[in-house]
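The next block holds one structure in the form of structure tokens; read it before the comments.
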Amino acid sequence: MEGNNFLDVQLLSEYIHVSKSLIYQMVSKNKIPHIKVGSRTIFDRAQIDHWLRNHCMVVQDLPQVPKI
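Just so we're aligned: the sequence shown equals residues 3 to 70 in the numbering used here.
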């Protein structure tokens with residue numbers, strides 16, 4: 003699957019740095035773009051990139067808490 007525009011669950015997990023179980027949860031709730039091919043679930047890299055740009059937020063460093 004590598005070398006083309008589609009990812010399986012394992013490759014997507016590595017690509018977006020989340021667990022496979024979280025990906026399966028998002029798929030079951032229809033919260034991430036995916037394609038079902040028989041019993042397999044695959045992901046279009048371009049759709050995932052678009053989804054990431056629109057559904058993720060950047061977490062900035064938290065301010066330092068003064069020591070007491």
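Cβ atoms here follow ideal geometry from the backbone N, Cα and C, with glycine treated the same way.
If you draw a straight line from the Cα of phenylalanine 8 to the Cα of tyrosine 17, it comes to about 11 Å.
Exclusion of the five residues before and after leucine 54 leaves Ile18 as the residues of its chain whose Cβ lies within less than 8 Å of its Cβ. Separation of serine 41 and valine 20 (C-alpha to C-alpha, rounded to the nearest whole angstrom) is 22 Å. Annotated three-state conformation of valine 39 is strand, per DSSP. Going by DSSP, glutamine 27 is part of the alpha helix (DSSP H) stretching over 22-30.
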